[in-house]
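Visitor: The numbering used here applies: residue 5 is where the sequence shown begins, and numbers increase by one.
Cβ coordinates follow ideal geometry from the N, Cα and C atoms, glycine included.
Can you read through this structure? Questions will come right after.
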Amino acid sequence: MSLFGLNCVRKKERELERKLRANDREYNLSFKYAMNAIKTSKYNFFTFLPLNLFEQFQRIANAYFLFLLVLQVIPEISSLSWFTTVVPLVLVLSVSAAKDATDDINRHRSDNQVNNRKVQVLIDGKLHSEKWMNVQVGDIIRLENNQFVTADLLLLSSSEPLNLVYIETAELDGETNLKVRQALPVTGDLGDDISKLADFNGEVLCEPPNNRLDRFTGTLVYAGQKYALDNEKILLRGCTLRNTEWCFGLVLFGGPETKLMQNCGKSTFKRTSVDRLMNVLVLCIFGFLVFMCTILAIGNYCWELGEGSVFTVFLPRQNNAAFSSFLTFWSYVIILNTVVPISLYVSVEFIRLGNSFYIEWDRKMYHSHSDTPAEARTTTLNEELGQIKYVFSDKTGTLTQNIMTFNKCSINGKTYGDVYDYMGQRLEINEHTEMVDFSFNPLADPHFIFHDHALVEAVKLETPEVHAFFRLLSLCHTVMAEEKKEGELSYQAQSPDEGALVTAARNFGFVFRSRTPDSVSIVEMGEQCTYKLLAILDFNNVRKRMSVIVRSPEGKLSLYCKGADTIIYERLHHSCAKLMDVTTEHLNEFAGEGLRTLALAYRDLDEDFFLQWQRRHHEASTALDDREAKLEQLYEEIETDLLLLGATAIEDKLQDGVPQTIEQLSKADIKIWVLTGDKQETAENIGYSCNLLREEMNDVFVISGNSPEEVRQELRNACTTMKPSASEDYVFLPERPLGKTTKGVTDEPVNGEYGLIINGPSLAYALDSTVECEFLRTACMCKAVICCRVTPLQKAQVVELVKMHKHAVTLAIGDGANDVSMIKVAHIGVGISGQEGMQAVLSSDYSFAQFRFLQRLLLVHGRWSYLRMCKFLRYFFYKNFTFTFVHFWYAFFCGFSAQTVYDEWFITLYNLVYTALPVLGMSLFDQDVNDAWSFQHPQLYVPGQLNLYFSKTAFFKCALHSCYSSLVLFFIPYAAVSQAARYDGRDVADYQSFAVLTQTCLLFAVTIQLGLEMSYWTAVNIIFVVGSLVMYFLVTFTMYSNGLFLVVPSAFSFIGTARNSLSQLNVWLTIMLTSILCILPVVTYRFMSIVLRPTINDKVMFKVRQAKSSPPPPPRRTRIRRTSSRRSGYAFSHAQGYGDLVTSGRFLRRPAPPRSSAFVTAGRAAAGFSPIGRSAGYSPTGRAQNVKAQEVEATSLQMYRTISDATL
């Protein structure tokens, strides 16, 4: 064991492939695979103390103070008592250890909670309830509905037909829509027969543990046969079993080797930029301390040579000047150590802890719907929140709710979905807008919301085009229906787009009820209808459409098609030209509101033509060569001369406040990059919806090259477009300090605003070492960047690239396990909680329920934390440098004898009692402006990004200010008392009186300086400031009293000094003079700065004073509307291949029990109708659309009234 167990086990050799045998623990144990227990804690009972102390003494300051403590126990060089160092050192170590212990105890509890979950494991032919931690590779386990998947499993069998299981992967990717997995038929035959499962001895050869969530390769050897395994047969740890009574699985990977844990990445200790700067400054201070001590040691040497021989008359001793100067050097190291006081680190921990509580207590970051408050999971990064330059965000579950809603539609040239008043003015839809009553439909989804009553009225009036529209939506899809109870339908949609469309059709009277491989059963306005499903022309990324060919109950053949409008328009009949123009206007309006649009069309088929086409389709689908090309040609052949029905508009519901949040962050000069696994069209559409991409942008570049050269050229073209004078040579920042040689790409100003979209394959080339700087340079010139189809690893690589080359503070925010890597790599990781997936939260530094809370976290809490920390550091260094430099000047008047200018007790209590609470009060309660003004002026955030509040320059100014103050604090009192006398004629120029005067002047000067630093006074601040001064006088008069001197004469030698000195008027005049002289340059400098070069803070604070500190009116949250010609493609989250799955029957659940239609048919004509609408605004009957028949009263809303018209 080395380093207390850090490297106690030799690293296991890298695994190249995994071999395992089912139900054979002895065989599998020989490979030493990981058990299923997870461990995220760092310590145990025995290792905590040594390991924690080892970690704490790795901090330079702690090791330095330990070294000082050793020096102070050497009598020859110590002029201070040991307790002046040991008390604060023990306090610092104890506070840090208590915090680390608390954090680790919470990690232990979390680990134990997970490891002690129960699952049924097949052992020795019987099912036993075992803890998760005891599950081993090769075990067969049984899972039940709604259970978490224990480990990475090979699915063997399930309760569902054809051995399907339905899983929810929210823990992995934040998506709540169900996904399907299917077992091999050979293992599916095992069923739930325990004896067969116990005899199963299949051997698996598969890939080693890795973090690829979307890929798996392996083979199963069983009964002499070899079977291929892929991702569709694997259940990953972190998934949840849904709508499946039971299933059995074979454990492939356990615990830390599961893909979930592999994606967690390596936990790294995160430090803020202020911390890193502090380390550099502390080293500089140490160097300066050595420099001062060397000067004083040389002074002692010279003094010993010149005056020392004379001084031995008063103090007999050996006169060895060299040895005396050596001892003096170390004595002054002890005396001047307050330039880096240990109380600094105690105070920093308290400040960070307090600001963390503010985040957790903030009611405006509490999400009442999910009962989720904001949580600061770490207390060491608060000030970093005020310096964020780049935000990397996931899309699904972070920006969006992953919920699609049917908002609007256009049917035969008429739009539905908007609400108008009696004057014909369009109304803004809100929570008070009246909703459509769907109570007439007993099969309606109670959660479906629609506001336009005209559409439901058109349905009830049996408008042919409206019926045809919803009939298409109820037939053309790959959704599965489940009905466990009569009338209670639930849809399992492969994409939320399809689910929203089918649900809309369901509520408007066209209810998809069930399906078989060759039929679709729907309820049309109360009547049960079964359409024969003849073919599904499936969706893919090239086609961007899907079609179904069905035969109606009346025997009519129809093709229904839905897809991207640009694709559908190319295939329309020429008679639809007028309707197409009107629908295009509607589509532009929908797209301008950020909705996802979709065009709908149909075609009636000739029987002979279809039979011939069907025969050729069968031949093409069984062809061995060029199968896809032949099928595509047949699809093109039949999807022609379509008749346009209309278009749908679906809202991919953003989380509340996302556009406003992104707009605010952009104003704060924070660049937002979206890293998503979704398709390009999906991500682009969301980019426009959430105001990340805007129509006002000069250009949005799409990088889609298929080779490094193509990607590089596209990036250079984009760069040239943004900045025509841009050179191909990279512009680098200077090398990093402390030996790190990574170069940085500088920010290059461009004229205008640009966006960049890059897909996964192109991003892989862009992240190559030869292209990455070109990619980064181009991306950083853009206002917004969207990376599509990215893997979890690529997300982390993009964040690391920006961290490495931009030298800017980064923040990553996500909600799924696929976001964990980038959350851990970024300077700040934020997890979205309150969703189903919590994996990202467990790895994050901060968590809350909604993306909109990010602006409050950064613009309010982050900015305040950074401002407070910087003020604290500037003031702390000022007061301690001033305190210490007085010792330096005093050395020239005390023969460089290492005598302290202050009383020992004052030295001990200066940082711990007299000045601790006032500076803590400022650091916990100070604010330049309140939160409302912070939101109104996001530009206040920019100084933090530029490190304007605390930097090396600011530190140097602070040191100069301290040097000046120390000169005033030493020489003014020295001059004032050197020739002075008391009112009774006695001399006041003794050492003890001078010490009391100097330390009193010092305390008043630093307290007044604190008052100048403070922008926001509270009752607590006043109590702390006044209380500290009162405490000083109480302690001083008590310690300098006769009573304590009589008890311990050696410790309280300043008997009577306080009452003798502070009773003199000239002493108080001296205190007043030194205080005025100390603050005069500060007041003058600030006045000139505000008048001549006011900062953004000065300007806003002036506006606040003008407004008499009243908060500005809250910004109105208006709905962002855009006029746009861009439209989204079809079903962005849809995947290819589900059409084949439906027609093969492999996707089907058990047949539902017989049921009634649940509608009460009210005189509906038995015969169906044939939709033949061809032009805008007109129906085949010759009547204007949506004009009620004469036979129907104007007030009638009867559902299924028959319109007696021969043309129908």
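Which term fits Met1018, buried or exposed, when burial requires 16 or more other beta carbons within 10 angstroms of its beta carbon?
Guide: Taking the sequence shown and counting its residues from 1, the one referred to as residue 1018 is at position 1014. Classification of Met1018: buried, given that the 10 Å Cβ count is 16 or more.
Visitor: If you count every other CB in all the chains shown that lies within 10 Å of the CB of Leu1001, and 16 or more means buried, which is it?
Guide: Numbered from its first residue, the sequence shown carries residue 1001 at position 997. Its Cβ being crowded by 16 or more others within 10 Å, Leu1001 is buried.
Visitor: Excluding sequence positions up to five away, which residues of its chain have a Cβ less than 6 Å from the Cβ of Ile571?
Guide: The residue you call residue 571 lines up with position 567 of the sequence shown. Cβ within range, chain order: Lys548 and Arg549.
Visitor: Give the single residue among Val546, His577 and Ile526 whose Cα lies nearest to the Cα of Ser556.
Guide: Within the sequence shown, numbered from 1, the residue matching residue 556 stands at position 552. Nearest C-alpha to Ser556: Ile526.
Visitor: Going by DSSP in three states, Ala980 sits in which element: helix, strand or coil?
Guide: Here residue 980 corresponds to residue number 976 of the sequence shown, with the count starting at 1. Helix at Ala980.
Visitor: To the nearest angstrom, how far is it from the Cα of Tyr495 to the Cα of Ser523?
Guide: In the sequence shown, the residue the question calls residue 495 occupies position 491. In the sequence shown, the residue the question calls residue 523 occupies position 519. So the two alpha carbons sit approximately 17 Å from each other.
Visitor: Measuring only the C-alpha atoms, how far is Gln266 from Asn215?
Guide: Residue mapping note: residue 266 aligns to position 262 of the sequence shown, counting from 1. Residue mapping note: residue 215 aligns to position 211 of the sequence shown, counting from 1. Approximately 5 Å, taken between the alpha carbons.
Visitor: Which value, in whole angstroms, describes the spacing of the CA atoms of Glu175 and Ala816?
Guide: As a working note, residue 175 is residue 171 in the sequence shown. As a working note, residue 816 is residue 812 in the sequence shown. Going by the C-alpha atoms only, they are around 17 Å apart.
Visitor: Rounded to the nearest angstrom, what separates Pro260 and Tyr37 at their Cα positions?
Guide: Sequence index remark: in the sequence shown, residue 260 carries index 256 (1-based). Sequence index remark: in the sequence shown, residue 37 carries index 33 (1-based). Roughly 10 Å between the two C-alpha positions.
Visitor: Jot down the residue ranges of each uninterrupted beta strand (DSSP E) in the stretch 692-730, minimum 3 residues, whole runs only, in chain order.
Guide: You should have 703-707.
Visitor: Would you kindly work out how many angstroms separate the C-alpha atoms of Gly598 and Ala653, rounded to a whole number?
Guide: The residue given as residue 598 occupies position 594 in the sequence shown. The residue given as residue 653 occupies position 649 in the sequence shown. Roughly 9 Å separates the two Cα atoms.
Visitor: Report all residues from its chain with a CB closer than 8 Å to the CB of Arg18; omit the five preceding and five following residues, and keep chain order.
Guide: Here residue 18 refers to the residue found at position 14 when the sequence shown is read from its first residue. Hits under 8 Å: Pro212.
Visitor: Pull up the distance between the alpha-carbon of Asp819 and that of Ile1075, whole angstroms please.
Guide: One-based indexing of the sequence shown puts residue 819 at position 815. One-based indexing of the sequence shown puts residue 1075 at position 1071. Looking at the two C-alpha atoms, the distance is approximately 59 Å.
Visitor: For Gln1013, I'd like the list of residues in its chain whose CB is within less than 6 Å of its CB, leaving aside the five on either flank, ordered along the chain.
Guide: As a working note, residue 1013 is residue 1009 in the sequence shown. Cβ neighbours of Gln1013 beyond the five flanking positions: none.
Visitor: Three or more C-beta pairs under 8 Å: does that hold for the stretch 101-119 against the stretch 29-47?
Guide: Flag = yes, the stretch 101-119 and the stretch 29-47 touch.
Visitor: For a test of the three-state rule: what should DSSP assign to Met826, helix, strand or coil?
Guide: Walking along the sequence shown from the start, residue 826 turns up at place 822. Note: Met826 maps to helix in three-state DSSP.
Visitor: Could you tell me the alpha carbon to alpha carbon distance between Lys412 and Leu591, rounded to whole angstroms?
Guide: Taking the first residue of the sequence shown as position 1, residue 412 is located at position 408. Taking the first residue of the sequence shown as position 1, residue 591 is located at position 587. Distance between the alpha carbons of Lys412 and Leu591 is about 10 Å.
Visitor: Quick check on DSSP: helix, strand or coil for Arg146?
Guide: As a working note, residue 146 is residue 142 in the sequence shown. Looking at Arg146 - three-state DSSP - the assignment turns out to be strand.
Visitor: When DSSP labels each residue in this structure, what does Val933 get in the three-state scheme?
Guide: Taking the sequence shown and counting its residues from 1, one reaches residue 933 at position 929. Three-state DSSP puts Val933 in coil, outside helix and strand.
Visitor: Helix, strand or coil for Cys1216? Go by DSSP, reduced to three states.
Guide: For residue 1216 there is no data in the structure shown, the boundaries of the chain being 5 and 1212.
Visitor: According to DSSP, what are the bridge partners of Ala783?
Guide: Taking the first residue of the sequence shown as 1, we reach residue 783 at position 779. DSSP, once it has assigned bridges, lists no residue as partnering Ala783.
Visitor: Going by alpha carbons, who is nearest to Ala41 out of Phe257, Tyr226, Gln186 and Lys23?
Guide: Along the sequence shown, one-based indexing puts residue 41 at 37. When only C-alpha atoms are compared, the closest one is Phe257.
Visitor: Assign Leu760 to one of three DSSP states: helix, strand, or coil.
Guide: Within the sequence shown, the letter at position 756 stands for residue 760. DSSP places Leu760 in strand when its eight states are reduced to three.
Visitor: Mapping DSSP to helix, strand and coil, what is Thr1185?
Guide: Taking the first residue of the sequence shown as 1, we reach residue 1185 at position 1181. Its pLDDT being 31, under 50, Thr1185 is placed unreliably in this model, and the value from its coordinates should be taken loosely. Three-state result, Thr1185: coil.
Visitor: For Gly222 versus Leu240, is the C-beta distance shorter than 7 Å?
Guide: Within the sequence shown, numbered from 1, the residue matching residue 222 stands at position 218. Within the sequence shown, numbered from 1, the residue matching residue 240 stands at position 236. It is not a contact, given that the beta carbons lie outside the stated cut-off.
Visitor: Rounded to the nearest angstrom, what separates Ser329 and Ile302 at their Cα positions?
Guide: Numbered from 1 along the sequence shown, position 325 holds the residue referred to as residue 329. Numbered from 1 along the sequence shown, position 298 holds the residue referred to as residue 302. Computed Cα separation, rounded: 7 Å.
Visitor: What residues in its chain sit with their C-beta under 8 Å from that of Gln798, if we drop five residues either side in the sequence?
Guide: Within the sequence shown, the letter at position 794 stands for residue 798. The residues are Leu679, Gly764, Leu767, Ala768, Leu771 and Cys791.
Visitor: Quick one: grab the DSSP three-state call for Ala595.
Guide: Here the question's residue 595 lines up with position 591 in the sequence shown. Ala595 falls in the helix class under three-state DSSP.
Visitor: If we count the other Cβ atoms within 10 Å of its Cβ and call it buried at 16 or more, is Tyr426 buried or exposed?
Guide: Here residue 426 refers to the residue found at position 422 of the sequence shown. By the neighbour-count rule (16 or more Cβ atoms within 10 Å), Tyr426 is not buried but exposed.
Visitor: Looking at the structure shown, is Arg29 part of a helix, part of a strand, or coil, going by DSSP?
Guide: Reading the sequence shown from its first residue, position 25 is the one you call residue 29. Here Arg29 sits in helix by DSSP.
Visitor: In chain order, which continuous runs of the alpha helix (DSSP H) of length 4 or greater are located wholly inside the stretch 256-288?
Guide: Correct list: 263-266.
Visitor: When we look at the beta-carbon of Val1051 and count the other beta-carbons within 10 Å, is it buried (16 or more) or exposed?
Guide: As a first step, residue 1051 must be located in the sequence shown, where it is residue number 1047. When all chains shown are included, Val1051 counts as exposed.
Visitor: Specify whether the stretch 854-863 and the stretch 294-309 touch according to this definition: at least 3 beta carbon pairs, one from each stretch, less than 8 Å apart.
Guide: The stretch 854-863 vs the stretch 294-309: no contact.
Visitor: Return the CA-CA distance between Tyr914 and Thr1004, expressed in angstroms with no decimal places.
Guide: Here residue 914 corresponds to residue number 910 of the sequence shown, with the count starting at 1. Here residue 1004 corresponds to residue number 1000 of the sequence shown, with the count starting at 1. Straight-line Cα distance between these residues: approximately 11 Å.
Visitor: Could I get the ranges of all uninterrupted beta strand (DSSP E) runs contained in the stretch 69-129, with 3 residues as the minimum, in chain order?
Guide: Within the stretch 69-129, the complete beta strand (DSSP E) runs of at least 3 residues are 122-127.
Visitor: May I ask you to verify whether the stretch 611-625 touches the stretch 663-678, counting CB pairs closer than 8 Å and requiring at least 3?
Guide: Because the criterion of three Cβ pairs below 8 Å is not met, the stretch 611-625 and the stretch 663-678 do not touch.
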